[in-house]
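Notes to accompany the following structure.
In this note's numbering, the protein residues as written are 17 to 237.
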């Protein structure tokens, strides 16, 4: 089940295409048949389709829950068949989940920047909040704290979580600000790449002037 609450994070990108392809391949190898269902919150038939899914006794459910919050997850507690959440987790969630190691991954990325001499490290933060992004920023802050470095609020820049949106928002930021850190961690690769494009167009060299680390290992990065 590909769940879209607003579609600003779950988009037609290689990350989600590879994830769904991996699920299909492994199910096939184990003798299971896979049906892909798109559950869009803006669809007029959303409630009816959701009711059909949670009442279906013939299929277990893998839910791509990237855009979930606790309220979105609540109806699946009534599912009559097993549910596994992909790419999302809550402290009090009763479902099994397969998730990314968000916090430690960004902690290691920021620590790598620190080991390479960076002391002014900023964060390219998605303007659309999801749980994954929250835990990634925790890793960034933890790395700076353990290194005795301050988190400068001016170096946390909210950007749209798409390449075009990030490019647009970073351009607007750079038009007004010249005081920048020497490195950035980013919530995802779309944000990192859009920001890099804006930085280059404003005359900054990467990584000579500013280093940038993304997240997701997208092929285009």
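Beta carbons: idealized from backbone N, C-alpha and C, even for Gly.
Every unbroken beta strand (DSSP E) within the segment 23 to 74, with a cutoff of 3 residues, ordered by chain: Listed in chain order, the beta strand (DSSP E) runs fully inside the segment 23 to 74 are 54 to 56, counting runs of at least 3 residues.
Residue 220 in three-state terms, based on DSSP: In this structure, residue 220 counts as coil in the three-state DSSP scheme.
Environment of residue 80 [buried if 16+ CB atoms lie within 10 Å]: Here residue 80 is buried, its C-beta having at least 16 other C-beta atoms within 10 Å.
Assigned secondary structure, residue 124 (DSSP; H/G/I helix, E/B strand, else coil): Note: residue 124 maps to helix in three-state DSSP.
Identity of the residues DSSP links to residue 101 by a beta bridge: Paired residue(s): 79 and 113.
Exposure of residue 171, with buried meaning 16 or more beta-carbon neighbours within 10 Å: It is buried - the Cβ of residue 171 has at least 16 other Cβ atoms within 10 Å.
Own chain, CB closer than 7 Å to residue 189, minus 5 neighbours either side, in chain order: Non-local beta-carbon contacts of residue 189 in its own chain, meaning distances under 7 Å to residues more than five positions away in sequence, involve 173 in chain order.
Residue 88 to residue 43 span [Cα, whole Å]: The straight-line gap from Cα to Cα measures roughly 26 Å.
Continuous beta strand (DSSP E) assignments of at least 3 residues falling wholly in the segment 176 to 211: Listed in chain order, the complete beta strand (DSSP E) runs (minimum 3 residues) inside the segment 176 to 211 are 199 to 202.
CB-CB length for residue 57 against residue 20, believed under 8 Å: Contact annotation, residue 57 with residue 20: C-beta distance approximately 6 Å; criterion of less than 8 Å satisfied.
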